[in-house]
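Take a look at the structure set out below.
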Amino acid sequence: MKPDDFDFASQFFKDRSGLVLTREKAYLLESRLMPVARKKGLKSLEELIAAMRVGRDSVLLREVTEAMTINESFFFRDIKPFDLFRNTVLPRFLQSRASKKALRVWCAACSSGQEPYSLAMIMREEAARLAGWRNEIVGTDISSEMVAKAKAGLYSQFEVQRGLPIQLLVKYFKKEGDLWQIDASLRAMVRYREYNLLTDLRGLGGFDVVFCRNVLIYFDNETKAKVLAQIRGLMPDDGILFLGGAETVLGISDYFKPIPDLRGLYMPTDRKPAAGTAALSQAGTPGA
Amino acid sequence: MKSCLVVDDSRVIRKVARNILEDLGFEVSEAANGQEALDVCKAKAFDSILLDWYMPVMNGIEFLRALRALPNGKGPIVVFCTTENDISHIQAAIEAGANEYVMKPFDSEIIQAKFAQVGLL
Ligand SMILES: C[S@@+](CC[C@H](N)C(=O)[O-])C[C@H]1O[C@@H](n2cnc3c(N)ncnc32)[C@H](O)[C@@H]1O
Numbered sequence: 193m194k195p196d197d198f199d200f201a202s203q204f205f206k207d208r209s210g211l212v213l214t215r216e217k218a219y220l221l222e223s224r225l226m227p228v229a230r231k232k233g234l235k236s237l238e239e240l241i242a243a244m245r246v247g248r249d250s251v252l253l254r255e256v257t258e259a260m261t262i263n264e265s266f267f268f269r270d271i272k273p274f275d276l277f278r279n280t281v282l283p284r285f286l287q288s289r290a291s292k293k294a295l296r297v298w299c300a301a302c303s304s305g306q307e308p309y310s311l312a313m314i315m316r317e318e319a320a321r322l323a324g325w326r327n328e329i330v331g332t333d334i335s336s337e338m339v340a341k342a343k344a345g346l347y348s349q350f351e352v353q354r355g356l357p358i359q360l361l362v363k364y365f366k367k368e369g370d371l372w373q374i375d376a377s378l379r380a381m382v383r384y385r386e387y388n389l390l391t392d393l394r395g396l397g398g399f400d401v402v403f404c405r406n407v408l409i410y411f412d413n414e415t416k417a418k419v420l421a422q423i424r425g426l427m428p429d430d431g432i433l434f435l436g437g438a439e440t441v442l443g444i445s446d447y448f449k450p451i452p453d454l455r456g457l458y459m460p461t462d463r464k465p466a467a468g469t470a471a472l473s474q475a476g477t478p479g480a
Numbered sequence: 012m013k014s015c016l017v018v019d020d021s022r023v024i025r026k027v028a029r030n031i032l033e034d035l036g037f038e039v040s041e042a043a044n045g046q047e048a049l050d051v052c053k054a055k056a057f058d059s060i061l062l063d064w065y066m067p068v069m070n071g072i073e074f075l076r077a078l079r080a081l082p083n084g085k086g087p088i089v090v091f092c093t094t095e096n097d098i099s100h101i102q103a104a105i106e107a108g109a110n111e112y113v114m115k116p117f118d119s120e121i122i123q124a125k126f127a128q129v130g131l132l
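Protein sequences, first through last, are from chains A and B.
Number 211 in my numbering belongs to position 19 of the first sequence; there are no gaps in the numbering.
Number 53 in my numbering belongs to position 42 of the second sequence; there are no gaps in the numbering.
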């Protein structure tokens with residue numbers, strides 16, 4: 193591959209989705225983009241990159257962007273964060289939002305939906321304590337294909353065996369041919385939208401709890417810092433941020449700090465969100 | 012070291028399961044059907060049992076019911092591991108006292124995830 197082509201491609205993906213592509217990862221271009229090239233009737237990666245340079249075909253640009261994303265996800269991934277959500281975070285908000293009776297949760301890079309549905313199942317299991325509450329889970333991802341899959345709530349036998357306790361499979365899923373579909377009532381608990389974290393996020397409204405897991409790892413520090421600043425802007429001062437196991441705010445953003453003894457959880461610091469970002473005292477629905 | 016009894020009438024599957032479980036640090040024993048398994052369980056308390064459904068002599072669900080009726084039969088964590096993948100089989104397994112359920116074909120990743128889920132890892 194020509195160095196020039198590589199530089200163009202890596203700059204393109206950095207601008208589009210934040211993805212940092214180092215030279216050692218150049219092979220990913222070949223393995224992930226050739227299927228797109230073939231679908232478009234192009235013979236080589238070079239031809240595809242030439243077409244990307246022309247830049248007129250917005251469908252192509254979206255498809256290559258999506259093809260480069262890593263969408264790996266599973267139910268109750270890493271378990272601990274979900275235990276903490278159920279046992280520590282939910283009870284905290286049950287108290288602090290007792291009069292408002294509303295909680296908004298955002299999965300900021302939800303992939304095929306396992307993360308938001310894991311939270312939906314927890315909230316359903318806690319339904320007795322949440323009676324009368326108006327809660328909302330929002331799942332967003334840059335990939336239209338993943339958002340469509342998340343909305344459908346259809347998973348392979350392999351996917352439902354990764355992290356999902358069998359009791360929950362029986363309770364909340366139905367078999368559809370070879371696939372398993374999560375119950376319509378749980379699907380109705382999550383609102384999915386296509387959303388790029390590099391764009392202005394204020395249209396999403398405010399969130400008390402944000403899961404932004406296993407996506408910042410693909411970005412450089414500057415992009416991470418920008419995304420974290422925006423997330424802070426959508427949060428009340430007592431909001432809680434969940435990051436992935438290999439992610440941190442330390443040395444990247446001073447809008448958040450780790451919550452002592454709660455691994456992977458972060459809370460806003462005293463630094464106020466920059467002007468122009470929605471500083472909310474309590475999370476609210478857009479336009480509400 | 013935790014122990015696991017692999018109950019399956021296929022020698023090949025027992026071997027595959029043994030390899031995966033030994034890699035995960037288990038001390039593995041084998042039985043070729045429910046009756047054999049029940050006899051071993053009367054003599055020894057296992058931490059976990061990986062259990063096939065259809066086997067000659069005594070099948071998995073009959074074994075599980077008999078096991079849970081033993082004086083110390085509530086102890087072992089039982090993970091079903093079978094090609095039966097419809098809700099009614101899974102439901103029956105849970106009612107008989109299964110802790111988890113793996114649908115074949117399985118791989119080391121699924122076994123590891125399921126064993127972690129029930130606290131064996
Ligand atoms: C590895 S998955 C993580 C899924 C889930 N959060 C988890 O932890 O299991 C990363 C997801 O981030 C999405 N993604 C990558 N860049 C993004 C961006 N700029 N905006 C929104 N989503 C993005 C990808 O499409 C992919 O689905």
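Where a beta carbon is used, it is the ideal one built from N, C-alpha and C, also for glycine.
- Relative to PRO273/A, the option among SER303/A, TRP325/A, ALA320/A and CYS404/A whose CA is nearest is CYS404/A.
- Put simply, the backbone Cα of SER310/A is about 44 Å away from that of LYS194/A.
- Looking only at GLU106/B, ALA104/B, PHE91/B and GLN102/B, the smallest Cα-Cα distance to ILE121/B is reached by PHE91/B.
- Of the heavy atoms belonging to ligand 1, at least one sits nearer than 7 Å to the Cβ of ALA301/A.
- Out of GLY397/A, SER445/A and ALA438/A, the CA that lies nearest to the CA of ARG269/A is found in ALA438/A.
- Counting every other CB atom within 10 Å of its CB across the protein chains shown gives TYR65/B a total below 16, marking it as exposed.
- If only uninterrupted alpha helix (DSSP H) runs of at least 4 residues are considered, those enclosed by the segment 398-428 of chain A are 413-425.
- For VAL407/A, the distance from the CB to the nearest heavy atom of ligand 1 is below 7 Å.
- Under the 8 Å criterion on CB atoms, ARG455/A is classed as non-interfacial with respect to chain B.
- Under the three-state reduction of DSSP output, LEU221/A falls in the helix class.
- Put simply, of PRO460/A, ILE358/A, VAL251/A and VAL401/A the residue whose alpha carbon is nearest the alpha carbon of VAL89/B is ILE358/A.
- Scanning VAL419/A, THR461/A and THR415/A for the CA closest to the CA of GLY431/A turns up THR461/A.
- For ASP19/B, not one C-beta of chain A is nearer than 8 Å to its own C-beta.
- Within chain B, ASN96 and MET114 have C-beta atoms less than 8 Å from the C-beta of GLN349/A, given in sequence order.
- Not one heavy atom of ligand 1 lies closer than 7 Å to the C-beta of ARG316/A.
- Among the residues of the segment 70-93 of chain B, none has a Cβ less than 7 Å away from any Cβ of chain A.
- If only uninterrupted beta strand (DSSP E) runs of at least 3 residues are considered, those enclosed by the segment 46-70 of chain B are 59-62.
- Only exposed fits THR94/B, as fewer than 16 other CB atoms lie within 10 angstroms of its CB.
- Note on geometry: alpha-carbon atoms of ALA201/A and LEU237/A lie some 11 Å from one another.
- Proximity of GLN46/B to chain A, defined by a Cβ-Cβ separation below 8 Å, is not satisfied.
- By the CB criterion at 8 Å, VAL441/A and LEU420/A fall inside the cutoff.
- One thing to note: ALA312/A has its Cβ within 8 Å of the Cβ of MET381/A.
- Close CB contacts of TRP298/A within its chain, under the 6 Å cut and outside five residues either way in sequence, are with VAL330, PHE399 and VAL402 (chain order).
- At a beta-carbon threshold of 9 Å, none of the residues of chain B lie near LYS272/A; the nearest stands roughly 11 Å away.
- Residues of chain A whose Cβ lies closer than 9 Å to the Cβ of ILE24/B do not exist; the shortest such Cβ separation is about 17 Å.
- Taken from the Cβ of GLU41/B, every heavy atom of ligand 1 lies 7 Å or farther away.
- Residues of the same chain with a CB within less than 6 Å of the CB of SER445/A, apart from the 5 flanking positions on each side, are ALA417 and LEU420 in chain order.
- If you look at GLN353/A, you'll find it isn't in any beta strand (DSSP E); DSSP assigns it neither H nor E.
- When CB distances to chain A are screened at a threshold of 9 Å, the residues of the segment 99-110 of chain B falling below it are ILE101, GLN102, ALA104, ILE105, ALA109 and ASN110, in chain order.
- Out of GLN123/B, SER40/B, GLU73/B and ASP34/B, the CA that lies nearest to the CA of SER14/B is found in SER40/B.
- Per the Cβ contact rule, the segment 65-81 of chain B is not in contact with the segment 28-35 of chain B (fewer than 3 Cβ pairs under 8 Å).
- If you draw a 10 Å sphere on the C-beta of LYS125/B, you find 16 or more other C-beta atoms in it, and that means buried.
- Contacts with chain A at 8 Å (Cβ-Cβ) include ILE121/B.
- For LYS367/A, the chain B residues whose Cβ falls inside 7 Å of its Cβ are ASP97 and ILE98, in order along the chain.
- In this structure, THR94/B has its CB at a distance of at least 7 Å from all heavy atoms of ligand 1.
- Put simply, the segment 368-383 of chain A does not touch the segment 253-266 of chain A. Fewer than three CB pairs are less than 8 Å apart.
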